[in-house]
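Numbering (this note's numbering), first residue to last: 34 to 125.
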């Protein structure tokens with residue numbers, strides 16, 4: 034059975050550091066891989082957020098005014114149809 038001992042050394046600044054044994058090397062490697070993965074994930078999230086914001090801005094600038102035009106035209110059309118129906122009814 035193998036036992037790995039971790040010795041703590043006092044560094045120049047008074048902090049405790051671990052000497053690099055086999056387990057500590059694996060731990061350090063896994064931690065650096067995790068940090069790298071998280072950094073890439075943050076970049077991806079930032080890129081997606083920027084793309085989403087660009088899509089929202091395009092919607093506000095291009096599609097919203099068109100929808101508003103169609104909506105106003107629909108309201109005007111409905112009012113004209115109501116006016117025609119009321120006109121057909123004749124004076125009350």
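In this text, a Cβ means the ideal position worked out from N, Cα and C, and glycines have one as well.
Here the alpha carbon of residue 99 sits roughly 20 Å from the alpha carbon of residue 86.
The C-alpha of residue 101 lies about 12 Å from the C-alpha of residue 109.
Rounded to whole angstroms, residue 92 and residue 106 show a C-alpha spacing of 20 Å.
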